[in-house]
Amino acid sequence: MVQSLDRSQGRAGGVAADVTPAPATFTGNRALQIEEPLIFEMGHAGRCGVDLPEPAKVKDRLNGLRRSGEIGLPGLSEPQVVQHYTRLSQKNYAIDMGVYPLGSCTMKHNPRINEKVVRLAGLGDLHPLQPVSTVQGALDLIDHLAYWLKTLTGMPAVAMSPAAGAHGETCGMMAIAAALDAKGERAQRKVVLEPESAHGTNPATAASLGFTVKPIPANDRGQVDLAALKAALGPDVAAIMLTNPNTCGLFESEIIEIAQAVHAAGAYFYCDGANFNAFVGRVRPGDLGIDCMHLNLHKTFSTPHGGGGPGSGPVVLSAALAPYAPYPWIVKDGDRWRITEEGSPVEGTPIGRLKAFHGQMGMFTRALAYMMSHCIDGLKQASEDAVLSANYVLASLKDIISPSFEGPCMHEALFDDSFLKDSGVSTLDFAKAMIDEGYHPMTMYFPLVVHGAMLIEPTESQAKEDLDQFIAAMRSLAERAKSGTAVEQFKAAPRFAPRRRLDETHAARKPILRWRPTNNPPDGAPVRRAAE
Ligand SMILES: Cc1ncc(COP(=O)(O)O)c(C=O)c1O
């Protein structure tokens with residue numbers, strides 16, 4: 084039966100609508116959900132959106148290898164291109180659309196002032212090869228941002244160039260390797276300790292730099308098992324890589340004891356600070372005894388994360404590791420800035436360059452705009468609000484969706500799938516059903532410490548009424564899942580998205596990596612234009 088959905092009732096009251104699929108339309112469109120072909124399936128050769136002059140005749144210097152036929156670009160007018168990409172953009176869920184609860188990602192609002200500032204003449208059109216005399220303001224901006232990062236973390240040095248969190252991890256661990264080298268201990272200290280609750284990039288970084296990864300178990304509070312850590316520390320250990328707050332959304336309350344034990348064993352303390360949004364303005368990591376920590380500017384200090392743009396992962400360093408910071412340096416002589424790859428502000432052996440040029444200028448500008456418009460009190464309030472939102476979600480759901488650990492959380496709330504036991508509904512089904520409710524799913528099956536994990540990070544950006552609606556939808560889904568009467572609907576979800584559930588195993592095992600015309604589908608693959 085097709086039942087009209089009373090929006091307010093369906094949303095606030097948690098009443099499930101028993102909606103059977105509507106009959107197909109002639110076009111395959113469903114109101115504003117437009118069936119969109121690939122751009123290569125549109126238009127026709129010969130049509131062009133721009134009027135280009137005939138290319139000048141040049142001598143063929145390709146020894147006869149020059150292409151002689153058409154390259155098969157789609158022929159489209161400008162309106163067709165604009166409409167195509169506009170329609171595609173409307174199929175994406177975005178932080179500008181609603182609650183984006185993806186855990187471990189800090190999908191927070193990006194204030195528009197950042198975008199305005201980053202487009203200012205003199206910043207928006209910078210080129211890294213411009214003469215240094217013409218980019219004095221930009222260098223001043225980088226130095227200013229570095230000052231804020233050092234002040235907020237209580238650390239004496241910062242390497243600005245890493246291009247993302249994982250790149251920052253590489254930078255920090257290379258600095259640790261260089262420091263061990265300088266002490267003649269690199270060959271002996273090959274082990275990096277990785278708590279189970281660390282972010283996945285941590286062990287990947289250590290392994291990619293040739294270290295041996297040794298896992299440290301979590302205790303029943305979801306934190307590092309201190310006794311197990313102490314037992315693992317020895318003359319072969321180079322460092323620990325600890326994510327704090329960890330991927331269970333918990334602050335490692337024994338972090339000072341951890342730092343002391345690690346240092347007493349002659350090892351270094353790498354802290355993954357990608358979740359700094361949870362405590363910026365409240366705690367300075369430098370006071371906790373860490374040696375280096377990367378910051379995801381694209382999480383803590385707004386700026387788009389993931390598909391929204393490039394990241395930026397500056398690394399703050401203790402006095403012990405500062406001599407190994409990568410090039411380049413920005414140095415002030417009198418009132419003029421210069422960029423140098425010579426020497427080091429502190430005596431040491433820099434690890435060299437990590438990337439071309441000087442860092443992600445657009446991200447630097449956005450992050451500094453965010454900091455300066457919030458100031459210290461605003462940054463502190465943002466972290467407090469992020470923690471408050473996560474605890475509000477946790478407290479509002481814990482009687483119906485099983486929390487993984489007792490007590491309050493930091494910036495994200497972790498649930499497991501025990502509430503779904505014997506319901507026939509899995510974490511995956513639940514996540515897909517959230518899409519039908521108009522939400523991007525939370526992070527699922529991560530962290531691995533708990534079974535069927537559901538990690539929800541609401542951030543500080545959402546209004547209480549929006550969080551209430553999200554909570555009501557989650558409660559409604561949990562009730563339906565537990566009732567055992569809606570298993571079919573969960574298995575069929577998402578029912579209202581442009582595409583139904585994909586066979587992810589098939590897609591992973593037999594990926595179709597090459598586009599072919601729809602009239603020639605590869606080996607029995609479905610014709611893509613069919614409205615499913
Ligand atoms: C805790 C943690 N560490 C490291 C990273 C890696 O950062 P990136 O994706 O910028 O490489 C992330 C990603 O968000 C993260 O959440």
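In this note's numbering, the protein residues as written are 84 to 615.
All C-beta atoms, glycine included, are put in the ideal place defined by N, C-alpha and C.
CB of residue i within 8 angstroms of CB of residue j, strictly
{"i": "G435", "j": "Y410", "result": "yes"}
{"i": "A564", "j": "F553", "result": "no"}
{"i": "E245", "j": "V398", "result": "Note that residue 245 corresponds to Pro in the displayed sequence, not to Glu. The answer is yes: Cβ separation under 8 angstroms."}
{"i": "S401", "j": "D418", "result": "no"}
{"i": "N197", "j": "R449", "result": "yes"}
{"i": "W420", "j": "Q219", "result": "yes"}
{"i": "A128", "j": "G158", "result": "yes"}
{"i": "K297", "j": "L276", "result": "yes"}
{"i": "A473", "j": "E520", "result": "no"}
{"i": "H534", "j": "A361", "result": "no"}
{"i": "A465", "j": "E543", "result": "yes"}
{"i": "L462", "j": "G364", "result": "yes"}
{"i": "P378", "j": "L232", "result": "It is Leu, not Pro, that sits at residue 378 in the sequence shown. Yes, the pair counts as a contact, with Cβ atoms nearer than the cut-off."}
{"i": "H167", "j": "E119", "result": "yes"}
{"i": "K273", "j": "T295", "result": "yes"}
{"i": "A403", "j": "A240", "result": "no"}
{"i": "V570", "j": "V508", "result": "yes"}
Through-space distance from residue j to residue i, alpha-carbon basis
{"i": "F488", "j": "E124", "result": "51 angstroms"}
{"i": "E268", "j": "P318", "result": "9 angstroms"}
{"i": "A546", "j": "M180", "result": "13 angstroms"}
{"i": "Y183", "j": "T588", "result": "25 angstroms"}
{"i": "A469", "j": "P136", "result": "55 angstroms"}
{"i": "A192", "j": "L316", "result": "Note on identity: in this sequence residue 192 is His, with Ala being the wrong assignment. So the two alpha carbons sit approximately 41 angstroms from each other."}
{"i": "L538", "j": "G369", "result": "28 angstroms"}
{"i": "A561", "j": "D499", "result": "12 angstroms"}
{"i": "G152", "j": "L596", "result": "24 angstroms"}
{"i": "P194", "j": "A452", "result": "9 angstroms"}
{"i": "P524", "j": "P541", "result": "11 angstroms"}
{"i": "R149", "j": "A177", "result": "43 angstroms"}
{"i": "P300", "j": "N327", "result": "15 angstroms"}
{"i": "L649", "j": "S187", "result": "The requested residue 649 is not part of the displayed model; the chain covers only 84 to 615."}
{"i": "T189", "j": "S485", "result": "22 angstroms"}
{"i": "I225", "j": "M243", "result": "8 angstroms"}
{"i": "T526", "j": "I459", "result": "30 angstroms"}
{"i": "A348", "j": "D308", "result": "17 angstroms"}
{"i": "L203", "j": "G132", "result": "30 angstroms"}
{"i": "A139", "j": "R599", "result": "33 angstroms"}
{"i": "P491", "j": "L228", "result": "33 angstroms"}
{"i": "R612", "j": "A107", "result": "With a pLDDT of 41 at R612, under the threshold of 50, the predicted position of this residue should be treated as unreliable, though the coordinate-derived value follows. Their Cα atoms are separated by approximately 14 angstroms."}
{"i": "M454", "j": "M444", "result": "15 angstroms"}
{"i": "V366", "j": "E467", "result": "12 angstroms"}
{"i": "K504", "j": "A270", "result": "49 angstroms"}
{"i": "D586", "j": "N112", "result": "23 angstroms"}
{"i": "H346", "j": "Y230", "result": "27 angstroms"}
{"i": "N175", "j": "R578", "result": "16 angstroms"}
{"i": "D303", "j": "I483", "result": "21 angstroms"}
{"i": "P393", "j": "H250", "result": "12 angstroms"}
Which residues DSSP lists as bridging residue i, in chain order
{"i": "T526", "result": "L538"}
{"i": "Q116", "result": "R113"}
{"i": "T588", "result": "In the DSSP output, where bridge partners are listed per residue, T588 has none listed."}
{"i": "Y353", "result": "M324, C375"}
{"i": "D416", "result": "R419"}
{"i": "V508", "result": "Paired residue(s): none; V508 is not in a bridge."}
{"i": "K616", "result": "Outside the shown range of the chain (84 to 615) lies residue 616, about which nothing can therefore be said."}
{"i": "A240", "result": "L400"}
{"i": "E410", "result": "The amino acid occupying residue 410 in the given sequence is Tyr; Glu does not appear at that position. For Y410, which the question treats as bridged, DSSP gives the partners R436."}
{"i": "A496", "result": "I539"}
Integer-rounded CB distance, given that residue j should sit under 8 angstroms from residue i
{"i": "R582", "j": "A576", "result": "With 8 angstroms as the limit, R582 and A576 do not qualify as a contact, their Cβ atoms being about 12 angstroms apart."}
{"i": "G248", "j": "A357", "result": "5 angstroms"}
{"i": "H282", "j": "T236", "result": "Contact flag wrong, Cβ pair sits at about 18 angstroms."}
{"i": "S395", "j": "M446", "result": "4 angstroms"}
{"i": "G332", "j": "L531", "result": "So it is not a contact: roughly 14 angstroms between Cβ atoms."}
{"i": "T432", "j": "Y407", "result": "6 angstroms"}
{"i": "D355", "j": "E252", "result": "7 angstroms"}
{"i": "A516", "j": "Y528", "result": "With 8 angstroms as the limit, A516 and Y528 do not qualify as a contact, their Cβ atoms being about 16 angstroms apart."}
{"i": "L292", "j": "A260", "result": "6 angstroms"}
{"i": "S280", "j": "G255", "result": "Not quite, the Cβ-Cβ distance comes to about 19 angstroms (not below 8 angstroms), so this is no contact."}
{"i": "V320", "j": "A290", "result": "V320 to A290, Cβ: 15 angstroms. No contact."}
{"i": "A342", "j": "F352", "result": "5 angstroms"}
{"i": "R558", "j": "L480", "result": "7 angstroms"}
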